[in-house]
Amino acid sequence: MATAMTDAHRMFLQSIMTHGALKAREVKALYKKCCETFNRPVEHENLGKFVNEINHHVGPFSMMIQKGVSEEDGVQYYALVNMMESDITHLASDYTETELEFFKKVLDLIVDSDTGVASSTDVLNLTDLLHEEQNRKMRKKEAEDVIRRMVRDRWLNEHQGEISLSVRGILELKPYLMEHYKDDIRQCCLCDQIALKGQLCQSDSCEAKMHYFCANRYFRDKDQPSCPRCKADWDHMVIQGANGHSQTEQTPASQSHGRRRKVPSHHV
Amino acid sequence: MPKARGKTARSRQQDEDSDMETDPPTQASQTTLTQAQRAAESLSRQEIERKVNEVVQFFLIMEQKKAAVKRADITKHILKEHSKVFPVVLEKAKKKLREVFGVSVEELEGKDKRYILVNLVDTPDGQDHLNMLDEGPKSGLLLVVLSLIFMKGNVIQDTLLWHTLKRLGIQENQPHEVLGDVKSLLTKEFTRQLYLEYKRVPQSDPPSFEFRWGPRAHKETTKRRVLQFVSKMYGSESLEIWTSQYQDVLRSEGGEGGGQ
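Keeping their order, the protein sequence lines are chains A and B.
Just so you know, we're using numbering that gives the first Met the number 0 here: the first sequence kicks off at 0 and counts up by one.
Just so you know, we're using numbering that gives the first Met the number 0 here: the second sequence kicks off at 0 and counts up by one.
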């Protein structure tokens with residue numbers, strides 16, 4: 000018999016739903032608060048179990064709390080993910096059809112770029128494409144507004160005029176990305192997760208890609224960085240994270256990336 | 000596809016686990032629960048279950064936007080030709096929303112059936128992390144506005160409201176550095192979210208407008224809580240000193256709790 004939901008579970012779930020995505024650190028604080036509020040012993044090692052109990056109950060509604068790592072800085076996040084569609088339709092309630100078509104174009108741009116970011120100018124110019132191809136009209140100003148809303152809802156990140164897909168966006172759209180960009184999406188050769196933002200192997204014949212923070216971790220104490228796959232020289236080197244973030248926020252040591260091969264995708 | 004109104008040839012199987020009370024039929028025109036149960040039998044248990052889950056999702060999505068769920072929309076998007084199963088599906092969805100998400104489904108007043116979700120998880124510090132208090136400054140403003148409306152006898156002219164807010168550094172036609180466009184926040188966003196009602200005073204010329212509590216405010220908070228907030232602002236514990244407002248609190252509680 001599965002563990003029933005208690006008010007502590009409900010408070011936790013509500014909070015994650017309100018925020019969309021929370022940093023692991025915030026989630027720990029939230030867990031503590033929920034336990035204390037309802038007089039449960041706080042056992043941090045049981046956070047995973049606690050989350051699984053919730054997932055068991057929200058599974059029937061195609062929802063799941065998943066862990067993901069931000070491509071920005073390698074920080075771990077928890078997000079409530081809608082597992083229902085391999086399409087972007089679950090954005091449909093918040094965005095119009097034209098806005099969704101626009102969003103798909105933004106995704107094209109992000110995925111096609113090697114670095115996983117699109118400049119906001121290019122993004123705004125997509126409105127012309129939208130008009131040419133689909134005869135849909137969207138003014139630049141409207142496009143700006145959509146982007147702002149998508150950043151607010153944590154689908155996209157915007158940093159100094161560069162647009163990228165957020166950790167929530169990647170988690171929720173994973174099935175869509177895998178299906179629609181089968182040949183273009185690469186996995187990080189270190190952590191095996193989708194890698195949009197990252198470094199590419201310079202060798203023409205090799206398709207290896209790594210997240211910035213994975214590369215940092217991997218090359219940190221190597222004198223002669225070489226591609227883990229084809230052994231060619233790895234030219235990029237010791238750039239900090241994409242936006243100049245270094246790893247100020249440490250992910251707990253136990254979550255070494257090599258071991259975490261999958262996002263937990265089954266709730267039993 | 001079996002039609003929802005399929006006659007009751009297969010009505011022997013009663014849905015045992017449904018704990019619906021069989022109230023005396025309310026109005027002839029309304030679909031009663033028993034009718035709905037019969038209709039439900041034309042759908043398989045799995046189909047009902049799936050509809051229930053979809054309704055739950057629909058409620059949650061709409062709640063994120065703070066929009067009310069219309070019965071008509073549930074029928075249109077989810078139940079489709081099986082509209083008669085609505086009461087059964089709604090009851091089951093309510094139960095799941097309560098047990099899993101800790102929210103109750105509340106029907107709003109009015110002709111067309113509309114529902115919103117209200118948080119049931121009771122945090123002792125009174126901090127309601129789901130509802131109004133989740134967005135910091137905005138909800139702070141909302142609480143102030145609800146208080147002003149209540150203290151003015153449940154309705155306030157917009158000119159008076161703006162005049163009062165000015166003293167808090169909030170101006171009608173000037174973007175606020177934290178809250179942004181406050182006018183649109185009050186007259187559009189909070190109104191759309193059903194926290195406030197913003198209406199033209201009938202026959203006013205030139206038109207004047209007034210604010211009232213919206214239905215969501217009535218569901219998510221109480222007059223007592225708002226009066227407690229105001230009292231605290233004034234450094235007083237006792238609510239009775241606000242004679243007419245306190246009467247209003249008692250009336251509102253009597254009307255809800257006692258019998259009918």
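We put the beta carbon where it would ideally sit given N, CA and C, even for glycine.
CB contact flag (B:Lys301, B:Ser251, <9 Å):
The structure shown does not extend to residue 301 of chain B, since chain B spans only 0 to 259, so no value can be given for it.
Terminal residues of the beta strand (DSSP E) in which B:Phe208 lies
208 to 212
Would A:Phe60 count as contacting chain B if we go by Cβ distances under 9 Å?
yes
At a CB-CB cut-off below 7 Å, which residues of chain B make contact with A:Asp6?
Within 7 Å Cβ-Cβ: Gly101, Val120.
Does any residue of chain A have a CB that is nearer than 9 Å to the CB of B:Gln12?
Residue placement at B:Gln12 is flagged as unreliable, the pLDDT there being 40, under the threshold of 50; the coordinate-derived value follows with that caveat. No, because no Cβ of chain A sits closer than 9 Å to the Cβ of B:Gln12.
Terminal residues of the continuous beta strand (DSSP E) containing B:Ser230?
Premise fails: B:Ser230 lies in the alpha helix (DSSP H), 222 to 232, not in any beta strand (DSSP E).
Can you give the beta carbon distance from B:Val102 to B:Val87, rounded, assuming they're within the 8 Å contact cut?
No, B:Val102 and B:Val87 are not in contact; Cβ-Cβ is about 20 Å, not under 8 Å.
How would you call A:Ser14, buried or exposed, if buried means at least 16 neighbouring beta carbons within 10 angstroms?
buried
Let me know if B:Ala275 comes out buried or exposed under the rule of 16 or more other beta-carbons within 10 Å of its beta-carbon.
Residue 275 of chain B lies beyond the stretch modelled for chain B, which goes from 0 to 259, so this question has no answer here.
Consider the Cβ of A:Thr3: report whether some Cβ of chain B lies at a distance smaller than 9 Å.
Per the sequence shown, the amino acid found at residue 3 of chain A is Ala instead of Thr. When Cβ-Cβ separations below 9 Å define contact, A:Ala3 makes contact with chain B.
Taking 9 Å as the CB-CB cut-off, is B:Leu184 touching chain A?
no
Tell me the start and end of each unbroken beta strand (DSSP E) in the segment 0 to 53 of chain A that is at least 3 residues and wholly inside, in chain order.
20 to 22
Less than 9 Å between CB atoms is the rule here; does A:Val57 satisfy it with respect to chain C?
Protein chains in the displayed structure are A and B, and chain C is not among them.
Roughly how many angstroms separate the alpha carbons of B:Lys159 and A:Val80, rounded to a whole number?
Looking at the sequence itself, residue 159 of chain B is Leu, so the reference to Lys does not match. For B:Leu159 and A:Val80, the distance between alpha carbons rounds to 45 Å.
How long is the line joining the alpha carbons of A:His158 and A:Val145, rounded to whole angstroms?
16 Å
Helix, strand or coil: how does DSSP classify A:Tyr76 here?
strand
Among A:Leu123, A:Ser225, A:Val50, which has the Cα closest to the Cα of A:Gln201?
A:Ser225
Suppose contacts are defined by Cβ-Cβ distances below 9 Å. Is A:Leu170 in contact with A:Gln65 by that definition?
yes
B:Glu98 CB to nearest chain A CB: under 9 Å?
yes
Would you identify the three-state DSSP class for B:Ser251, choosing helix, strand or coil?
B:Ser251: helix per DSSP, three-state reduction.
What are the partner residues of B:Leu195, as DSSP defines its beta bridges?
B:Trp212
Can you grab the Cα-Cα spacing for the pair A:Asn124 / B:Val181, in whole Å?
31 Å
Please list, in chain order, all residues of the same chain as A:Trp233 whose beta carbon is under 6 Å from its beta carbon, the five residues on each side excluded.
Pro224, Ser225, Cys226
Under 9 Å between C-beta atoms, does B:Gln56 make it to chain A?
yes
Distance check for A:Gln133 and A:Thr126, CA to CA, integer angstroms please.
10 Å
Interface partners of A:Leu21 on chain B, CB under 9 Å:
The premise fails here: A:Leu21 is roughly 12 Å from chain B at the closest Cβ pair, so nothing lies under 9 Å.
Residues that B:Asn52 contacts on chain A, provided the C-beta gap is smaller than 9 Å
The contacting residues are Pro59, Phe60, Ser61.
Endpoints, beta strand (DSSP E) assigned at B:Val102:
102 to 106
Coil, strand or helix - A:Tyr211 by DSSP
helix
What number of angstroms, rounded off, separates the C-alpha of B:Ile60 from the C-alpha of A:Cys34?
27 Å
Closer than 8 Å by C-beta to A:Met16: which residues in its own chain qualify, once you throw out the five before and the five after it? Chain order, please.
Counting only Cβ-Cβ distances below 8 Å, and skipping sequence neighbours, we find Leu79.
Classify B:Gln202 as buried or exposed, calling it buried when 16 or more other Cβ atoms lie within 10 Å of its own Cβ.
Classification of B:Gln202: exposed, given that the 10 Å Cβ count is below 16.
Exposed unless 16 or more other CB atoms sit within 10 angstroms - verdict on A:Glu178:
Exposed.
Is the distance from the Cβ of A:Arg148 to the Cβ of A:Asp93 below 9 Å?
yes
Who does A:Ile64 pair with in a DSSP beta bridge?
A:Leu79
Under 9 Å between C-beta atoms, does A:Met137 make it to chain B?
no
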